[in-house]
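As structure tokens, this is what we get:
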């Protein structure tokens with residue numbers, strides 16, 4: 018990199034650019050970018066004061082050269098920071114997936130529910146980054162392990178508006194389909210079913226101890242399904258049923 022040479026040895030521009038080039042050569046790229054920017058600013062201010070056209074042309078050329086170098090270093094340092102950050106967090110996604118299933122096994126019977134599952138388990142592609150691919154592979158491994166023992170009582174559920182974008186591996190593993198009820202609809206069904214034993218007591222509820230209230234059963238859910246209506250449109254259901262005919266077994 019050629020330096021801008023001022024006619025004045027003590028010129029502030031020359032000193033700034035010399036410092037920028039020195040930092041650049043030493044690998045101190047962030048410092049070099051700041052110094053190049055400072056030097057360019059000083060050169061632009063002096064450019065309008067020059068009378069000699071040849072000197073103006075030389076300065077414009079050097080300004081352009083320093084700007085190109087500064088932009089290159091700026092992009093390089095930004096990418097380097099991204100690489101360092103990615104390296105720092107490599108494996109964290111897999112750890113979280115393992116922790117999720119370990120907790121589910123520890124607290125079973127348990128339910129692992131994933132809303133917008135397509136965001137995590139979309140179809141794999143050649144352009145997919147390694148971190149995303151590793152998380153998916155870890156999830157599939159844990160999912161297979163969750164059903165490896167007859168004693169395991171872990172229910173895996175997911176909700177999506179875009180089943181067509183799911184990876185085929187998750188489509189095969191989650192073979193049951195529930196259509197018509199959105200995630201919030203299912204939440205409402207569960208809440209209504211949970212109130213079944215309370216409604217059954219009627220006016221006596223104020224005099225009954227909590228431990229004397231019966232457990233929720235399948236009939237409570239059947240009643241709740243008659244009380245909470247699905248919010249998904251018929252057209253959406255029709256398209257999803259067609260998808261189900263190709264990929265899965267309906268959970269009725």
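In our numbering, the protein residues as written are 18 to 269.
Positions of the beta carbon are idealized from the N, C-alpha and C atoms, including for glycine.
Everything numeric in this text was worked out from a predicted model, so none of it was measured.
Of the listed residues the options, nearest to residue i (C-alpha basis)
i           : options            : result
residue 204 : 91, 252, 176, 180  : 176
residue 232 : 81, 167, 212       : 212
residue 33  : 229, 44, 259, 83   : 83
residue 63  : 141, 28, 195       : 28
residue 254 : 225, 198, 222, 208 : 198
residue 172 : 191, 60, 86        : 191
residue 48  : 35, 115, 156       : 35
residue 271 : 183, 78, 52, 72    : An answer regarding residue 271 cannot be provided, because it is not within the stretch 18 to 269 covered by the chain.
residue 170 : 55, 121, 44        : 121
residue 186 : 150, 56, 73        : 150
Per DSSP, the bridge partner or partners of residue i
i           : result
residue 74  : According to DSSP, which records beta bridges pairwise, residue 74 is partnered with nothing at all.
residue 139 : 183
residue 173 : 129
Neighbour-count burial assignment, residue i, 16 or more Cβ in a 10 Å radius
i           : result
residue 50  : buried
residue 160 : buried
residue 135 : buried
residue 61  : exposed
Beta-carbon contacts of residue i that lie in its chain and below 6 Å, excluding the five residues immediately before and after
i           : result
residue 237 : 210, 213
Expected contact under 8 Å - CB spacing of residue i and residue j to nearest Å
i           : j           : result
residue 46  : residue 90  : 5 Å
residue 206 : residue 245 : 5 Å
residue 184 : residue 138 : 5 Å
residue 260 : residue 180 : 6 Å
Neighbourhood of residue i by C-beta distance below 8 Å, restricted to the same chain and skipping five residues each side
i           : result
residue 115 : 155, 159
Cβ of residue i within 8 Å of any chain D Cβ
i           : result
residue 224 : Any reference to chain D falls outside this structure, which holds one protein chain only.
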